[in-house]
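Plus 324 on top of the position in the sequence shown (first one is 1) and you've got my numbering.
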Amino acid sequence: MDERYSRQVLFPGIGKEGQDKISEKHVLMIGAGALGSGNAEVLTRAGIGRLTIVDRDYVEASNLQRQQLYTEEDVAEKLPKAAAAKKRLQVINSDVEVNAIIGDATPSMLEELVKDVDVIIDATDNFETRMAINDVSQKYRIPWIYGACVGSYGMSFSIIPGKTPCLNCLLRTIPMQGLTCDTGGIISPAVQMVISHQSAEALKMLVEDWDAVRTSFVSFDLWRNQYTSLKMGKAKFSGCLSCGEERTYPYLDSENMTKTTVLCGRDTVQIRPSTQGEISLEKLAGQLSTLGYTVKGNPYLLSVEMGSERMVIFNDGRALIHGTKDLTHAKSIYQRILG
C-alpha cells in the first residue's frame, strides 16, 4: 500500500513525515450530510488514522443530489447516515478506523468523544450544536473548522483555541443564522467548495503546519462570482463566555439543549427523550403492528406510517415526526406511540 499515498507524499506541505502524522490522528465529524460525507471521504482517502462520525438522521432521496457517499439502496433501506457512511468508507479505505454514532451530538456526548480527538469538523445543520462544538473546542483546546452553505453561498472559518476568535466572538460581528436552513435550496458545487476549504484546513492541522492554517473568514457565492476573505483577529472578545478571560462554556449546559425542535427546512420535528436509554425496536414493531400501524424497519430504526404523517424511531428513544412543524402535535404523537 506504499503507492496509495504516493502523490500526497510528493506534495511538499505533507511529505512522508506529514503522512505518518495523518495516519496517527483522530478526526471527529459532527454531521454526515453534504459537508460531512464529503469531508469524510476526503480524509478517508487521505489516510486518516481514525474517523468518528456523529449524525442523527437517515438517508432520504433528496440527499442524493449533493451527499456524495450515499446511494439509492441506502434510501430504500432507510439507513442512518452515520451507518451508511461507515459502510462506504470502509470499502474506500479499509486501513481507516471508522466509528459511527447514530444520535444527537449533545454536550455530554461531545465531552466524552473529544478526549483523544485532534481536530473537529463542523458538518451540522443547526447553531445549537455548533455552539456546543465551539465550547467543547475551547474547553479542551481542540481546533475545529466551521462550515456552512445554502443556495450557491458558503463560508468557512478555522478556529484555534488561544489564537483565533471563537464562533461566539464571530457572532458579534458576522450574522450567520440565515445559513442554518436549506429552504433556499442548495447546489452541489457550493457544497464542494466548502468541503475543499474545510478538508484542506484539516490536513494542515493534522500535519501540524499551523503557520499555513487560514485565520481569515472565507465566504463566497459561486453563482454571483463573489469571493471574500476577512481578517478576524480584532473580533476576539475578552468578555466572551466561551473563550474570554472568565469563560463559563454556557453551551455545554445540557439544560440549554432543546428536547423538541423543528428540523431545518423540513416539515419534521425531532423529539429527544429526557432520559437516555435503549429501546427494543423489534418488540416495539410487534406492538405497533398489533395495533394496526404499518411498520417497516432495520437494525437502526423503525418507520411508522400514520396517515399523512410518519414517525421514525431510533433505538435511543429519539424520534422524527414527519409531516408537521407543530411541536405540540408532534409531542402528542410521540406520547401516543412511545408513552
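Built from N, CA and C at the ideal position, the CB exists for glycine as well.
Contacts around Arg454, its chain only, beta-carbon distance under 8 Å, and the 5 residues preceding and following it disregarded: Around Arg454, the same chain offers Asp446, Thr448, Tyr470 and Leu491 as residues with beta carbons nearer than 8 Å, after the five sequence neighbours per side are excluded.
Option in Asn639, Leu334, Arg538 and Asn423 with minimal Cα separation from Ile483: When C-alpha distances from Ile483 are compared across Asn639, Leu334, Arg538 and Asn423, the shortest belongs to Arg538.
I think Ile444 touches Ser461, with their Cβ atoms under 8 Å apart; what is that distance to the nearest whole Å? The C-beta distance from Ile444 to Ser461 rounds to 6 Å, short enough to meet the 8 Å contact threshold.
Answer yes or no: do Val280 and Ile645 have a C-beta to C-beta separation smaller than 8 Å? A question about residue 280 goes unanswered here, because the residues of the chain that appear run from 325 up to 663.
Assuming the contact rule is C-beta atoms closer than 8 Å, Ile510 and Arg390 should be a hit. Round their C-beta distance to whole Å, please. Contact holds; Cβ gap of about 6 Å.
Own chain partners of Pro467 with C-beta closer than 6 Å, once the 5 adjacent residues on each side are dropped: Closer than 6 Å at the Cβ level, and outside the excluded window around Pro467, lie Val443, Ile484 and Met529.
When Leu605, Glu629 and Gln611 are compared against Asn639, the one with the closest alpha-carbon: Distances from the CA of Asn639 to each of Leu605, Glu629 and Gln611 were compared; the closest alpha carbon is that of Leu605.
Buried/exposed call for Thr368, threshold 16 Cβ in 10 Å: Counting Cβ neighbours within 10 Å, Thr368 comes out buried, since at least 16 surround it.
Decide yes or no for the touch test of the stretch 554-570 against the stretch 610-620: beta carbon pairs closer than 8 Å, at least 3 of them. Result no; under three Cβ-Cβ pairs closer than 8 Å.
Counting along the chain, where does the alpha helix (DSSP H) carrying Glu421 start and finish? According to the DSSP assignment, Glu421 belongs to no alpha helix (DSSP H) but to the beta strand (DSSP E) extending over Glu421 to Ile426.
Nearest to Arg374 by CA position, among Asp344, Val399, Lys345 and Glu421, is which residue? For Arg374, the closest alpha carbon among the candidates Asp344, Val399, Lys345 and Glu421 is that of Glu421.
For Met433, which of helix, strand or coil comes out of DSSP? In the structure shown, Met433 sits in a helix (DSSP, three-state: H, G or I).
Taking the runs of the beta strand (DSSP E) that are 3 residues or longer, which of them lie wholly in the stretch 534-588? If we require 3 residues or more, the beta strand (DSSP E) runs fully inside the stretch 534-588 come out as 540-545, 550-555 and 584-586.
Are the CB atoms of Ala429 and Ala407 nearer to each other than 8 Å? Going by C-beta atoms, Ala429 is not nearer than 8 Å to Ala407.
Out of curiosity, what's the CA-to-CA distance linking Gly478 and Lys607? The straight-line gap separating the alpha-carbon atoms of Gly478 and Lys607 is approximately 44 Å.
Alpha carbon of Lys410 to alpha carbon of Gly427, nearest angstrom: Rounded to whole angstroms, Lys410 to Gly427 spans 15 Å at the Cα level.
Evaluate Lys439 with the Cβ neighbour count: other Cβ atoms within 10 Å of its Cβ, from every protein chain shown; 16 or more gives buried, anything less gives exposed. Exposure of Lys439 is indicated by the presence of fewer than 16 other C-beta atoms within 10 angstroms of its C-beta.
Under the rule that 16 or more other beta-carbon atoms within 10 Å means buried, what is Lys649, buried or exposed? By the beta-carbon neighbour count (other beta carbons within 10 angstroms, threshold 16), Lys649 is exposed.
Residue(s) in a DSSP beta bridge with Ala472: The partner list for Ala472 (beta bridge, DSSP) reads Met479.
Rounded separation between Cys473 and Pro404 - CA only: Inter-residue distance for Cys473 and Pro404 is about 22 Å (C-alpha atoms, whole angstroms).
Any idea if Ala356 is buried or exposed, counting beta-carbon neighbours within 10 angstroms, 16 or more meaning buried? It counts as buried.
Distance check for Leu612 and Tyr573, CA to CA, integer angstroms please. Distance between the alpha carbons of Tyr573 and Leu612 is about 42 Å.
Phe451 (DSSP reduced to helix, strand or coil): Here Phe451 sits in helix by DSSP.
Whole angstroms is fine: what's the gap from Gly647's alpha carbon to Ser562's? The alpha-carbon of Gly647 is positioned some 45 Å away from that of Ser562.
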